[in-house]
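S.K.: For reference, the structure I am asking about is given below.
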Amino acid sequence: MAQRLPQQDMTRQSRVEQPLQPKEQPKKQTTGSGFYGETNLKGNADNQPLPDDAIQTVNKLFAYVDEVERVVSNTFNTSEKASLDNIRLKFEQLHSMISNNEVSISAYSRLEEVTESLRSGQYTQAHNILHKLNTDRQTFNVHKAWITALRSLYNMGKNMRLNLPGKFYVRFNLIFNSAIS
Numbered sequence: 000m001a002q003r004l005p006q007q008d009m010t011r012q013s014r015v016e017q018p019l020q021p022k023e024q025p026k027k028q029t030t031g032s033g034f035y036g037e038t039n040l041k042g043n044a045d046n047q048p049l050p051d052d053a054i055q056t057v058n059k060l061f062a063y064v065d066e067v068e069r070v071v072s073n074t075f076n077t078s079e080k081a082s083l084d085n086i087r088l089k090f091e092q093l094h095s096m097i098s099n100n101e102v103s104i105s106a107y108s109r110l111e112e113v114t115e116s117l118r119s120g121q122y123t124q125a126h127n128i129l130h131k132l133n134t135d136r137q138t139f140n141v142h143k144a145w146i147t148a149l150r151s152l153y154n155m156g157k158n159m160r161l162n163l164p165g166k167f168y169v170r171f172n173l174i175f176n177s178a179i180s
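In numbering that gives the first Met the number 0, the protein residues as written are 0 to 180.
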């Protein structure tokens, strides 16, 4: 008499013989052009074109970076110099985005506010605006590179207590005074 396989083995064999049924397929996601800024809805306030003098804001940022570098060039270590170079690269990308009108009007207006706050030494106001930019996820995802560069520039300016033109930051004074003594 033939031996019977236990029930567990029969079910295992029957499972192997049956073709695998595909589970529910995930929905295909469309990514569009890959640039989120081009998917604005009609009537959105961010669809407005940038002002004609929008490039001037980026030029002011470049001037601020140059002033920071000029004032504290002797006290920078290599990582701070590399950070400034990285900030410049991000602002060059921002320059091309603004010239191609790829920056939303709300992000541009906040950029303008941060630029003026940094140049006038109002770091608390700049911090508040940068915080709003960071918490607005849609804007942050699109403009992450230059927002991060602005944050780095803000941190440098705040740490230096830089109020251009004129006042030097504490670390510079300490190094300068120790060099004189």
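All C-beta atoms, glycine included, are put in the ideal place defined by N, C-alpha and C. Remember, predicted model here, so these are calculated numbers, not experimental data.
Helix, strand or coil: how does DSSP classify GLY156 here?
M.R.: Taking the sequence shown and counting its residues from 1, the one referred to as residue 156 is at position 157. It is helical.
S.K.: Assuming THR147 contacts LEU110 under a Cβ cut-off of 8 Å, what Cβ separation, rounded to an integer in Å, is found between them?
M.R.: Locating residue 147 in the sequence shown gives position 148, where the first residue counts as 1. Locating residue 110 in the sequence shown gives position 111, where the first residue counts as 1. About 13 Å; that fails the 8 Å criterion.
S.K.: To which residues of the same chain is ALA226 closer than 7 Å at the C-beta, ignoring the five residues directly before and after it?
M.R.: The displayed coordinates of the chain run from 0 to 180. Any statement about residue 226 would go beyond what the structure contains.
S.K.: Figure out for me which residue from HIS142, ARG136, ILE86 and PRO50 has the closest Cα to the Cα of TYR153.
M.R.: Numbered from its first residue, the sequence shown carries residue 153 at position 154. That would be ILE86, whose Cα lies nearest to the Cα of TYR153.
S.K.: Leaving out five residues before and five after LYS89 in sequence, what residues of the same chain have Cβ atoms less than 8 Å from its Cβ?
M.R.: Taking the first residue of the sequence shown as 1, we reach residue 89 at position 90. Closer than 8 Å at Cβ, skipping near neighbours: ALA144, TRP145, THR147 and ALA148.
S.K.: For THR123, count neighbouring C-beta atoms within 10 Å of its own C-beta (all shown protein chains included) and say buried if the count is 16 or more, exposed if not.
M.R.: As a first step, residue 123 is located in the sequence shown; it is residue number 124 there, counting from the start. Counting Cβ neighbours within 10 Å, THR123 comes out exposed, since fewer than 16 surround it.
S.K.: Could you check what DSSP says for VAL57 in three-state terms: helix, strand or coil?
M.R.: To locate residue 57, count along the sequence shown from 1; it is residue 58. Helix at VAL57.
S.K.: Secondary structure at LEU110, three-state DSSP: helix, strand or coil?
M.R.: For this step, residue 110 is matched to residue 111 along the sequence shown. Looking at LEU110 - three-state DSSP - the assignment turns out to be helix.
S.K.: If we call anything under 7 Å between Cβ atoms a contact, is TYR63 one with ARG118?
M.R.: To locate residue 63, count along the sequence shown from 1; it is residue 64. To locate residue 118, count along the sequence shown from 1; it is residue 119. In contact: TYR63 and ARG118 (Cβ atoms closer than 7 Å).
S.K.: If you compare alpha carbons, which of HIS142, SER116, LYS59 and GLU66 is closest to GLU101?
M.R.: Along the sequence shown, one-based indexing puts residue 101 at 102. Closest in alpha carbon position to GLU101, among HIS142, SER116, LYS59 and GLU66, is HIS142.
S.K.: Within this structure, are the beta carbons of ILE128 and GLU112 separated by less than 7 Å?
M.R.: By one-based count along the sequence shown, residue 128 stands at place 129. By one-based count along the sequence shown, residue 112 stands at place 113. Yes; because the gap between Cβ atoms is below 7 Å, this pair is in contact.
S.K.: Specify, as a first and last residue, the run of the alpha helix (DSSP H) that HIS245 falls within.
M.R.: This structure leaves residue 245 out entirely; the chain is present only between 0 and 180.
S.K.: For HIS94, which of LYS59, LYS80 and GLU68 has the nearest alpha-carbon?
M.R.: Indexing the sequence shown from 1 puts residue 94 at position 95. The option with the nearest alpha carbon to HIS94 is LYS59.
S.K.: For LYS131, I'd like the list of residues in its chain whose CB is within less than 7 Å of its CB, leaving aside the five on either flank, ordered along the chain.
M.R.: On the sequence shown, position 132 is the one that residue 131 refers to. Here the set comprises ARG109.
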